[in-house]
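The structure under discussion appears below in the form of structure tokens.
Protein chains: 2
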Amino acid sequence: MAQCGNARAGIADTSVHGSFVTPAFMPVGTRASVRGIDSPRLKECGAQIVLVNTYHLMLRPGATNILNLGSIHRFMGWDGPILSDSGGFQVFSLKSLRSISEEGVHFRSHLDGSKQFLSPEKAVALQETYGVDIAMVLDECPPSGVSKEEMVSSIERTHRWALRCHKARTQEEKTSLFGITQGGRFLDLRTESAERLKEIPFDGYAIGGVSVGEPKEVMYQVLSMHPQELPKERVRYLMGVGTPRDIVEGVRCGIDMFDCVMPTRAGRFGRAFVLGDEPYLNIRNARFASDMEALDPTCSCVTCSTYGRAYLHHLFKAGEMLGPTLLSLHNISYYQRLVKELREDIVSGCFEQRYLSEDRRWKNTKNNDVS
Amino acid sequence: MAQCGNARAGIADTSVHGSFVTPAFMPVGTRASVRGIDSPRLKECGAQIVLVNTYHLMLRPGATNILNLGSIHRFMGWDGPILSDSGGFQVFSLKSLRSISEEGVHFRSHLDGSKQFLSPEKAVALQETYGVDIAMVLDECPPSGVSKEEMVSSIERTHRWALRCHKARTQEEKTSLFGITQGGRFLDLRTESAERLKEIPFDGYAIGGVSVGEPKEVMYQVLSMHPQELPKERVRYLMGVGTPRDIVEGVRCGIDMFDCVMPTRAGRFGRAFVLGDEPYLNIRNARFASDMEALDPTCSCVTCSTYGRAYLHHLFKAGEMLGPTLLSLHNISYYQRLVKELREDIVSGCFEQRYLSEDRRWKNTKNNDVS
Numbered sequence: 001m002a003q004c005g006n007a008r009a010g011i012a013d014t015s016v017h018g019s020f021v022t023p024a025f026m027p028v029g030t031r032a033s034v035r036g037i038d039s040p041r042l043k044e045c046g047a048q049i050v051l052v053n054t055y056h057l058m059l060r061p062g063a064t065n066i067l068n069l070g071s072i073h074r075f076m077g078w079d080g081p082i083l084s085d086s087g088g089f090q091v092f093s094l095k096s097l098r099s100i101s102e103e104g105v106h107f108r109s110h111l112d113g114s115k116q117f118l119s120p121e122k123a124v125a126l127q128e129t130y131g132v133d134i135a136m137v138l139d140e141c142p143p144s145g146v147s148k149e150e151m152v153s154s155i156e157r158t159h160r161w162a163l164r165c166h167k168a169r170t171q172e173e174k175t176s177l178f179g180i181t182q183g184g185r186f187l188d189l190r191t192e193s194a195e196r197l198k199e200i201p202f203d204g205y206a207i208g209g210v211s212v213g214e215p216k217e218v219m220y221q222v223l224s225m226h227p228q229e230l231p232k233e234r235v236r237y238l239m240g241v242g243t244p245r246d247i248v249e250g251v252r253c254g255i256d257m258f259d260c261v262m263p264t265r266a267g268r269f270g271r272a273f274v275l276g277d278e279p280y281l282n283i284r285n286a287r288f289a290s291d292m293e294a295l296d297p298t299c300s301c302v303t304c305s306t307y308g309r310a311y312l313h314h315l316f317k318a319g320e321m322l323g324p325t326l327l328s329l330h331n332i333s334y335y336q337r338l339v340k341e342l343r344e345d346i347v348s349g350c351f352e353q354r355y356l357s358e359d360r361r362w363k364n365t366k367n368n369d370v371s
Numbered sequence: 372m373a374q375c376g377n378a379r380a381g382i383a384d385t386s387v388h389g390s391f392v393t394p395a396f397m398p399v400g401t402r403a404s405v406r407g408i409d410s411p412r413l414k415e416c417g418a419q420i421v422l423v424n425t426y427h428l429m430l431r432p433g434a435t436n437i438l439n440l441g442s443i444h445r446f447m448g449w450d451g452p453i454l455s456d457s458g459g460f461q462v463f464s465l466k467s468l469r470s471i472s473e474e475g476v477h478f479r480s481h482l483d484g485s486k487q488f489l490s491p492e493k494a495v496a497l498q499e500t501y502g503v504d505i506a507m508v509l510d511e512c513p514p515s516g517v518s519k520e521e522m523v524s525s526i527e528r529t530h531r532w533a534l535r536c537h538k539a540r541t542q543e544e545k546t547s548l549f550g551i552t553q554g555g556r557f558l559d560l561r562t563e564s565a566e567r568l569k570e571i572p573f574d575g576y577a578i579g580g581v582s583v584g585e586p587k588e589v590m591y592q593v594l595s596m597h598p599q600e601l602p603k604e605r606v607r608y609l610m611g612v613g614t615p616r617d618i619v620e621g622v623r624c625g626i627d628m629f630d631c632v633m634p635t636r637a638g639r640f641g642r643a644f645v646l647g648d649e650p651y652l653n654i655r656n657a658r659f660a661s662d663m664e665a666l667d668p669t670c671s672c673v674t675c676s677t678y679g680r681a682y683l684h685h686l687f688k689a690g691e692m693l694g695p696t697l698l699s700l701h702n703i704s705y706y707q708r709l710v711k712e713l714r715e716d717i718v719s720g721c722f723e724q725r726y727l728s729e730d731r732r733w734k735n736t737k738n739n740d741v742s
């Protein structure tokens with residue numbers, strides 16, 4: 001583990017599927033597929049670990065099916081580490097389709113309306129059945145804007161559920177379990193959440209509820225103090241974040257892991273992250289129609305080493321499905337390269353200095369916001 | 372050049388972008404993109420030469436744009452041979468939007484309604500501007516079901532236009548030009564068309580109008596005699612064909628080149644070509660939900676070497692964009708392997724024997740039709 005200011009560079013081990021270096025960015029494969037990118041290409045992009053979603057997979061293809069097929073790794077053709085989100089965020093987003101009790105959450109499938117149930121114990125069992133390397137506790141995810149009173153009772157449930165999740169484990173040797181702090185914009189509740197979670201010996205600690213509609217300032221406030229409240233010797237994971245700028249800020253504040261749909265979602269909409277003065281290029285813009293340069297001439301991804309911007313512009317104008325795939329592929333490569341370079345800067349001890357120097361690499365990530 | 376019965380195996384040279392072996396199947400990249408497949412992957416599938424469409428490219432991105440960008444090869448990141456269809460078929464399909472005269476075809480763009488004009492001279496100029504390796508003459512493509520009288524006057528125009536195309540060339544050293552026979556279901560008109568076309572020293576000869584709505588029997592009748600009417604020492608290209616079975620039949624009758632949207636279109640609809648008793652698998656079928664076998668266990672494409680059927684089934688059920696891409700990729704590999712094996716059988720002299728023996732390789736291609 002190297003450290004530069006609060007920024008950390010380490011190695012996280014999984015029991016069965018090897019290790020990954022941190023800071024790490026996880027591409028999101030909600031339904032066991034990172035949109036448009038096959039597993040060999042995902043690896044070529046530099047991705048080390050992929051995120052899947054417990055809620056989506058329990059509905060389709062179903063945990064029993066995944067078990068019968070071997071494991072989620074075999075199912076999705078990915079032999080590296082896999083982390084599953086517990087599905088709490090998705091279930092709580094269902095609103096009218098769910099009812100919450102201390103026991104767990106009853107809800108109806110968004111696919112066929114069938115009755116479903118998710119509890120701390122069930123969430124752990126599902127994730128162990130999938131065979132993921134890192135499971136997440138089931139937490140309550142209150143919407144942004146709840147009162148402090150509501151947030152207090154919400155984090156209390158989250159903590160009780162965290163303990164139940166930890167007790168429910170049956171595959172400790174294979175599947176790590178991460179706790180999740182909540183508390184929204186209330187910094188004292190965040191502190192309390194961290195204190196309570198630390199009492200449970202999780203393998204890692206995640207910060208939840210910062211990308212659920214709260215203003216960006218809330219996240220930066222939380223980042224400014226909260227990561228340091230989590231155990232130094234454990235991995236810290238900032239859930240659902242973020243823009244390249246957010247990644248840099250998160251790393252600076254001591255975060256080790258990130259996940260976000262941004263590189264793939266932006267790619268599908270024709271936005272390509274690049275080095276330079278702009279935070280991203282909108283490839284649909286007419287000025288790219290005759291631009292033969294690569295998206296990012298310093299990038300070695302398949303997209304940049306094969307095609308110029310004019311072609312990518314053409315694909316989006318023509319509605320060709322290859323366009324979203326190629327831009328997603330580039331954007332994931334961009335994120336992987338970003339965390340790789342941040343790591344190198346931490347290891348070589350120049351992270352803080354480069355962060356302050358506004359050098360070309362991070363210029364656009366610091367001055368702009370693409371969310 | 373090896374021959375086995377009427378089946379031929381050869382090598383076709385292009386002036387600038389190397390050679391390809393025949394029989395060859397060209398994946399279709401109408402708008403300079405084989406749907407969902409990037410160029411490096413297309414090469415991995417075994418594709419040697421790709422087809423693009425003059426009509427679509429003249430409207431978007433436009434010939435001048437392609438010229439300014441270097442060439443169609445550079446534009447689409449493909450350094451192997453490229454053949455362009457002349458756009459006659461597309462223009463004649465516009466029906467209400469076009470008016471035909473001896474000079475050429477006036478039509479309106481299907482994109483923006485703008486007035487456009489295509490003539491034999493313009494078609495050749497466009498294709499030379501793109502920088503393709505093989506250009507096709509502009510032919511008149513009568514719809515299926517026209518009377519013999521109408522067909523006679525149509526092929527006469529096609530022949531006059533073919534001559535004008537040949538005269539219009541300015542880049543003979545770089546761009547080959549193929550003639551196209553027409554005549555529909557009238558075998559004597561096909562014969563006449565071949566006779567007339569042979570008077571013009573084209574670099575290759577194509578058979579047009581067999582995949583435009585005529586019953587399959589018409590194609591098989593045309594195949595039974597017409598390829599032998601074309602010059603032995605020139606490449607023979609059956610346009611827009613076809614199913615795996617059609618490819619086998621075409622090769623048996625002396626065809627060297629094919630193009631068809633079938634592998635990609637079928638792939639997008641969840642159909643995978645495989646060896647065995649079935650002509651294709653519909654991956655959406657429930658029986659594949661728990662099938663971990665590769666689509667085709669004998670196939671070495673990225674799809675088959677990475678994923679099982681259960682995962683591909685899941686992708687289609689979940690509406691993930693990766694599904695169509697992976698099946699298209701497999702299907703193109705299947706077609707490439709088919710023509711490669713046909714070639715090997717021709718070279719080793721066992722083509723006719725294997726064709727008659729109904730061995731496993733071709734079983735499904737001979738007994739079934741997937742069109």
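Line by line, the protein sequences are chains A and B. Reading the first sequence from the start, the letters are residues 1 to 371 in this note's numbering. Reading the second sequence from the start, the letters are residues 372 to 742 in this note's numbering. Backbone N, C-alpha and C fix where the C-beta goes; we use that ideal spot for every residue, glycine too. Here the structure is a predicted model, which is why all the values come from computation and not from measurement.
So K519(B) is in the alpha helix (DSSP H); what residue range does that whole segment cover? K519 to A539 is the extent of the alpha helix (DSSP H) around K519(B).
Looking only at DSSP bridge pairs, what is K486(B) linked to? Partner(s): R479(B).
Closer than 9 Å, Cβ to Cβ, to anything on chain A: give me those residues from the region 663-681 of chain B, in chain order. So the list reads M663, V673, T674, S676, T677, Y678, G679 and A681, given in the order they occur along the chain.
Take S518(B) as the anchor and find which of C416(B), L560(B), L440(B) and R605(B) has the nearest alpha-carbon. Minimum Cα-Cα distance from S518(B) among the listed residues C416(B), L560(B), L440(B) and R605(B) corresponds to L560(B).
Helix or strand or just coil, what does DSSP make of C45(A)? DSSP places C45(A) in the coil class of the three-state scheme, outside both helix and strand.
Span separating the alpha-carbon of R284(A) from that of P120(A): For R284(A) and P120(A), the distance between alpha carbons rounds to 45 Å.
Is any beta-carbon of chain B found at less than 8 Å from that of S33(A)? Chain B contact via Cβ: present.
Enclosing beta strand (DSSP E) for L83(A) [first to last residue]: Segment I82 to D85, the beta strand (DSSP E) holding L83(A).
Going along the chain, which residues of its own chain have a beta-carbon closer than 6 Å to the beta-carbon of H159(A), five neighbours each way excluded? Setting aside the 5 residues that flank it on each side, H159(A) is surrounded in the same chain by R196, each with a C-beta closer than 6 Å to its C-beta; the list follows chain order.
Under 8 Å by Cβ, that's how I've got R556(B) and V583(B) pegged, so tell me the actual separation to the nearest angstrom. Their Cβ separation, rounded to whole angstroms, is 11 Å, which puts R556(B) and V583(B) out of contact at 8 Å.
Which residues in chain A have a C-beta closer than 8 Å to the C-beta of G441(B)? List them in chain order. Per Cβ cutoff of 8 Å: M292.
By DSSP, does G373(A) sit in helix, in strand, or in coil? No information on residue 373(A) is available, as it lies outside the stretch 1 to 371 that chain A covers here.
What does M692(B) touch in chain A if you count any residue whose Cβ is under 8 Å from its own? Result: R35, G36, M321, P324 and T325.
Just mark L727(B) as buried or exposed, buried being the case when its beta carbon has 16 or more other beta carbons within 10 Å. L727(B) is exposed by the Cβ-count criterion.
Is the shortest distance between the beta-carbon of R535(B) and the beta-carbons of chain A less than 8 Å? Not a single CB atom of chain A sits nearer than 8 Å to the CB of R535(B).
I need the boundaries of the beta strand (DSSP E) containing A194(A), first residue and last residue. Looking at the DSSP string, A194(A) is not in any beta strand (DSSP E); the run it does join, the alpha helix (DSSP H), is L187 to K198.
Based on the DSSP secondary-structure assignment, which residues constitute the bridge partners of N439(B)? DSSP output for N439(B) lists no bridge partner at all.
Can you tell me the Cβ-Cβ gap for L94(A) and H106(A), rounded? I've got them flagged as a contact below 8 Å. Between the beta-carbon of L94(A) and that of H106(A) there is about 10 Å, and that puts the pair past the 8 Å contact cut.
Contact between the region 41-50 of chain A and the region 276-292 of chain A (3+ Cβ pairs under 8 Å): No: fewer than three Cβ pairs fall under 8 Å.
Spell out whether any CB of chain B is found under 8 Å from the CB atom of R60(A). Interface residue, yes.
Per DSSP, cross-strand counterpart(s) of Q374(A): Limits of chain A in this structure are 1 at one end and 371 at the other, which puts residue 374(A) out of reach.
On the DSSP letters alone, give me the boundaries of the beta strand (DSSP E) that L281(A) sits inside. Its beta strand (DSSP E) spans residues Y280 to N282.
Under 8 Å from the C-beta of N436(B): neighbouring residues of chain A: Taking the beta carbon of N436(B) as reference, the chain A residues within 8 Å of it are A289, S290 and A310, listed in sequence order.
V370(A) - DSSP class collapsed to helix/strand/coil: Any reading at V370(A) must be qualified, since the residue scores a pLDDT of 49, below 50, and its modelled position is unreliable; the value itself is stated next. Here V370(A) sits in coil by DSSP.
How far does the beta strand (DSSP E) with M663(B) in it extend, from its first residue to its last? Looking at the DSSP string, M663(B) is not in any beta strand (DSSP E), and its letter there is neither H nor E.
Measure from the alpha carbon of V52(A) to the alpha carbon of each residue in Q127(A), L97(A) and S15(A), then state which is nearest. Considering only Q127(A), L97(A) and S15(A), the residue with the shortest C-alpha distance to V52(A) is Q127(A).
Under a Cβ-count criterion, where at least 16 other Cβ atoms within 10 Å of its own Cβ denotes burial, should E550(B) be classed as buried or exposed? The identity of residue 550(B) in the sequence shown is Gly, whereas the question assumes Glu. The C-beta of G550(B) has 16 or more other C-beta atoms within 10 Å across all chains shown, which makes the residue buried.
Can you tell me whether DSSP reads C631(B) as helix, strand or coil? Assigned with DSSP and collapsed to three states, C631(B) falls in strand.
Consider the Cβ of S39(A): report whether some Cβ of chain B lies at a distance smaller than 8 Å. Interface residue, yes.
So, is A7(A) buried or exposed, given that buried needs 16 or more other C-beta atoms within 10 angstroms? Under this definition A7(A) is a buried residue.
Using the Cα positions of M429(B) and P81(A), report the straight-line distance between them to the nearest angstrom. Answer to the nearest angstrom: the Cα atoms are 47 Å apart.
So what's S515(B) in DSSP terms, helix, strand or just coil? Under the three-state reduction of DSSP output, S515(B) falls in the coil class, being neither helix nor strand.
Tell me, which residues are paired with N424(B) by DSSP? Paired residue(s): D456(B).
For the beta strand (DSSP E) holding T552(B), just list the boundary residues, first then last. Run containing T552(B): S547 to T552, per the beta strand (DSSP E) assignment.
Just curious, the beta strand (DSSP E) that I134(A) is in, first and last residue? Judged by DSSP secondary structure, I134(A) falls within the beta strand (DSSP E) whose first and last residues are I134 to M136.
Just list the residues that DSSP pairs I618(B) with in beta bridges. DSSP output for I618(B) lists no bridge partner at all.
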